[in-house]
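Below: one structure, written as structure tokens.
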Amino acid sequence: MGVNLGLWQVRHQSNLRYANSNQSGSAWRYNSVRTWVQRPVASINSILSLGDSYTDSSLFGSLSFNGAKLVTDERMRPQGKRGYAPEVRGVAASSAHVVVKQLGKVIYETNVPPAHFILTICTTPVIKAIWR
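For the sequence shown, this note's numbering assigns the number 47 to the initial residue and increments by one for each residue that follows.
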């Protein structure tokens with residue numbers, strides 16, 4: 047459950063269940079799991095969260111904590127700059143045409159002046175379809 051106030055998002059996670067037992071009778075049980083606010087910080091491609099949160103770990107189990115968390119959000123980056131971007135470095139003795147191939151196919155080409163150069167190649171998968 048949540049509400050948005052400008053860039054701030056107020057969130058609350060909880061559950062409600064009905065318990066029916068012979069010893070304690072029947073009753074509704076409300077459990078508040080966590081409450082937090084969050085907002086994007088676009089200048090650093092991140093999300094700032096304040097309140098109840100969990101650690102992010104793919105190796106160990108998550109731990110709950112109450113405080114602040116700043117997490118990079120790759121979805122804020124431009125599509126062409128997400129993920130892996132290899133660099134090609136070299137030295138051109140004169141003006142040169144540089145061709146970068148992957149598995150025999152040209153993935154990037156450009157002209158460089160005589161000097162040291164660094165090319166950062168940001169490629170994204172492109173699906174081309176021919177409609178008939």
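Ideal Cβ placement from N, Cα and C applies to all residues, glycine included.
Rounded C-alpha distance that separates residue i from residue j
i       : j       : result
Thr-117 : Asn-68  : The residue asked about is misnamed: residue 117 is Val in this sequence, not Thr. Approximately 47 Å, taken between the alpha carbons.
Gly-97  : Arg-63  : 24 Å
Ala-73  : Asn-61  : 14 Å
Gln-55  : Gln-125 : 24 Å
Gly-48  : Val-87  : 19 Å
Leu-109 : Asp-102 : 8 Å
Ser-78  : His-58  : 8 Å
Arg-80  : Pro-132 : 40 Å
Burial state of residue i (16 or more Cβ within 10 Å)
i       : result
Ser-141 : exposed
Gln-84  : buried
Ser-99  : buried
Ser-89  : exposed
Ser-95  : buried
Whole-angstrom C-beta distance between residue j and residue i, which should lie under 8 Å
i       : j       : result
Ile-167 : Val-146 : 6 Å
Thr-156 : Leu-165 : 7 Å
DSSP state of residue i mapped onto helix, strand, coil
i       : result
Ile-167 : coil
Arg-85  : strand
Gln-69  : coil
Leu-75  : Reading the sequence as shown, one finds Arg at residue 75 and not Leu. Strand at Arg-75.
Arg-123 : coil
Which listed residue (the options) has its alpha carbon closest to that of residue i
i       : options                              : result
His-143 : Pro-132, Val-158 and Val-134         : Val-158
Ala-114 : Trp-82, Arg-121 and Met-122          : Trp-82
Asn-91  : His-162, Tyr-154, Gly-52 and Arg-123 : Arg-123
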